[in-house]
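Residue numbers for the sequence shown follow full-length UniProt numbering, so the first one is 1 and each next one is one higher.
Heads up, the beta-carbon is just placed ideally off N, CA and C, and yes, glycines get one too.
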Amino acid sequence: MKQKTAVIDIGSNTIRLVIYDYEQDKGMKEIENIKTAARLRTYLDANGVMEREGIETLITTLHAFKEIIEYHHLTDIRIAATAAIRQAKNQLEIVKEVEETTGFRVTILSENEEAYYGYLAVVHTTPIDSAVTVDIGGGSTEVTYFENKQLKYSHSFAFGVVSLKKDFMSGEKMTAEEKQNLSRFLVQQFYLLPWLKNKNVPIIAIGGSARNIALIDQHVRNYPIAGVHQYWMTREALFTIKDELITMNRSQLEKLDGLSSDRIDIIAPSAEVFCQLYDVVQAKGFMFSRKGLRDGLMLKELMSQFDAPLDREHVFQNSLKELSFEYSVDKESAEQMMYIALELYEQLSELGFFDYREDLLLLLKRGAYLYYLGEYIDSDSVSQHTFYLIANRSIDGVLHRDRIKIAALASFKNKSTLKQFLVPFTSWFTKEEMQQMRELGALLKFAYSLNSSKRDIVKQLEVGKNDSGLTITVYATGNTLAEEYQAEKQKKHLEKSIKTTIDLVFIDIH
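Below you can see the structure in the form of structure tokens.
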């Protein structure tokens with residue numbers, strides 16, 4: 001089943017159109033993402049009525065989006081409005097005028113719905129089991145707490161970055177007194193929710209302000225890979241960024257790498273929200289999720305049609321569908337690679353050559369499935385392309401550190417190439433972890449050689465000790481000339497890794 005859907009998110013700060021393409025066997029892919037900084041929250045007057053200029057800004061934007069939707073011939077269109085329209089006293093008139101002038105029917109999300117859709121996106125696209133989520137919009141801030149992937153509490157605060165700037169910043173830079181007033185206000189608000197205090201779980205932040213904080217930190221650190229989804233920050237990093245942002249004037253902020261021009265005036269209060277929430281929660285870390293309300297709306301619909309389990313491995317598998325389709329991974333060959341690699345790992349572990357662990361087994365499976373993914377681009381430099389693609393491609397359910405481990409295994413060519421690839425990441429891993437990547441990579445390289453002809457003819461493996469080392473007996477259906485040649489050539493990497501010699505025996509069981 002193929003499904004193409006347009007989602008328009010009418011926020012208090014930005015209005016965004018996202019077009020999704022979904023196929024059950026290939027997953028959900030974002031094919032268009034267009035936004036405008038409308039700042040609808042600024043058009044609410046003292047009585048809570050949206051002014052004419054704000055309504056016209058909304059309608060003009062929707063007309064522009066309508067042209068794009070018609071170009072794609074879409075009929076499945078979801079339009080959700082959040083705080084700015086929800087808080088407007090004339091919301092019914094706005095919705096009516098939008099429908100009359102554009103033909104679009106707008107759904108105004110309740111506070112609980114807005115919080116729920118953000119939570120839904122996070123638990124389906126990250127590996128975190130328990131956390132507090134925060135989504136700062138222009139006119140509201142949604143927080144949730146989920147435990148073992150199940151939503152426990154949610155709340156929507158009636159403040160956002162646009163309203164906080166208006167209430168607590170008189171100039172282009174926040175003064176010490178304004179910062180103190182804002183901090184006091186935020187702590188008071190957060191302490192109104194007993195379930196936020198001392199939770200000792202990560203904070204997962206959604207939305208443009210959090211994305212900018214993550215991008216700024218990446219630029220500061222010369223982060224060696226691309227992508228901010230599931231990017232992790234410590235308390236020290238988060239508070240350092242916040243302290244610097246608050247001291248900068250507009251001209252300094254304009255030169256700051258990672259900061260969008262449409263968030264220059266609101267990034268300081270956003271950072272203060274994250275920091276005050278961090279300390280109230282006594283958080284274990286701060287992570288950004290690129291997936292939020294719009295993705296949650298889509299996932300809710302898909303959950304009603306298809307099975308959508310929540311455990312972290314299914315999160316990864318759903319993302320793997322899209323990755324496999326994008327780079328033309330042959331499913332049967334990938335599964336054969338997994339079979340050979342796991343058989344070798346389990347039998348070598350039984351003989352004491354590997355330390356059998358569930359986390360290493362999972363890593364091996366993932367590396368095996370994606371092994372030499374870069375063949376899609378160029379078979380002559382397959383190792384380099386494989387490492388780059390996996391290292392720089394967002395994969396749901398996998399933190400950046402684990403993504404590099406998968407890239408290292410899936411691209412393994414030899415010890416020196418692995419060492420070269422991992423130069424930018426030496427501070428990320430211990431010596432033990434580096435050695436594990438080398439050992440598992442060598443095993444995968446050897447496993448790959450046992451399906452050289454891509455015919456999936458190896459049906460069984462037996463690993464046993466002999467007088468000088470090991471004997472690996474390979475039972476196959478058909479001529480194994482290609483497999484024998486490559487296995488003899490590549491076994492040296494595994495021999496060096498496990499420090500023993502390997503004799504190969506091939507038996508045709510056809």
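Limits of the unbroken alpha helix (DSSP H) element including residue i
i: E70; result: R52 to Y71
i: M338; result: K331 to E350
i: F288; result: Unbroken run through F288 is the beta strand (DSSP E), F286 to S289; no alpha helix (DSSP H).
i: V187; result: A176 to F190
Residues near residue i in its chain [Cβ-Cβ closer than 8 Å; skip 5 each side]
i: T500; result: F353, G469 and L470
i: G478; result: R455, I457, D508 and H510
i: Q490; result: K445, F446, Y448 and S449
Three-state secondary structure assigned by DSSP to residue i
i: L195; result: It is Trp, not Leu, that sits at residue 195 in the sequence shown. Here W195 sits in helix by DSSP.
i: G208; result: helix
i: V458; result: strand
i: H385; result: helix
i: F429; result: coil
i: S449; result: helix
i: V7; result: strand
i: I216; result: helix
i: P309; result: Only weak support exists for where P309 lies, its pLDDT of 48 falling under 50; the value from the coordinates is given anyway. In the structure shown, P309 sits in coil (DSSP, three-state: anything other than H, G, I, E or B).
i: D396; result: coil
i: S328; result: coil
i: N466; result: coil
i: N33; result: strand
i: A49; result: Before going further, note that residue 49 is Val rather than Ala in the sequence given. Here V49 sits in coil by DSSP.
i: R357; result: coil
i: R403; result: helix
i: I498; result: helix
i: G292; result: coil
i: L164; result: helix
i: Y371; result: coil
i: M303; result: helix
i: I44; result: Sequence inspection shows Leu at residue 44; the Ile mentioned does not correspond to that position. It is a strand residue.
i: I377; result: coil
Residue i to residue j span [Cα, whole Å]
i: R105; j: D76; result: 12 Å
i: D378; j: E147; result: 44 Å
i: R52; j: D295; result: 31 Å
i: K26; j: K331; result: 12 Å
i: A268; j: V18; result: 27 Å
i: F412; j: A37; result: 45 Å
i: D21; j: T107; result: 22 Å
i: H63; j: T417; result: 53 Å
i: V280; j: E177; result: 21 Å
i: W428; j: I34; result: 35 Å
i: L361; j: M233; result: 27 Å
i: G144; j: S130; result: Note on identity: in this sequence residue 144 is Thr, with Gly being the wrong assignment. Spanning the two alpha carbons is a distance of roughly 11 Å.
i: P309; j: K152; result: Reliability of the predicted coordinates at P309 is poor, the pLDDT of 48 falling under 50, and the value obtained from them is presented with this limitation in mind. Near 18 Å, if we compare the C-alpha coordinates of K152 and P309.
i: Y43; j: R16; result: 18 Å
i: I225; j: A391; result: 6 Å
Close Cβ partners of residue i (< 6 Å) along its chain, the five nearest in sequence each way excluded
i: residue 532; result: Outside the shown range of the chain (1 to 510) lies residue 532, about which nothing can therefore be said.
i: E483; result: L450 and S452
For residue i, the first and last residue of its enclosing beta strand (DSSP E)
i: G469; result: G469 to A476
i: I264; result: Taken as a continuous stretch (DSSP letters only), I264 belongs to no beta strand (DSSP E), as it is neither H nor E.
i: D506; result: One detail in the question is off: residue 506 reads as Phe in this sequence, not Asp. That run of the beta strand (DSSP E) goes T501 to D508.
i: I15; result: I15 to E23
i: M233; result: Y231 to M233
Beta-carbon proximity list for residue i, same chain, < 7 Å, skipping 5 on both sides
i: G292; result: G118, A121, D135, I206 and G207
i: I55; result: I94 and E97
i: G137; result: G11, S12, N13, T82, A83, G160 and G207
i: A341; result: L364, A368, L443, L444 and A447
i: S163; result: R41 and G139
8 Å Cβ cutoff, residue i in contact with chain C
i: S449; result: Structure shown: chain C not included; a single protein chain is present.
### Task
With a floor of 4 residues, list each alpha helix (DSSP H) that falls wholly inside the segment 70-155, ordered by position along the chain.
83-86, 91-102 and 111-125
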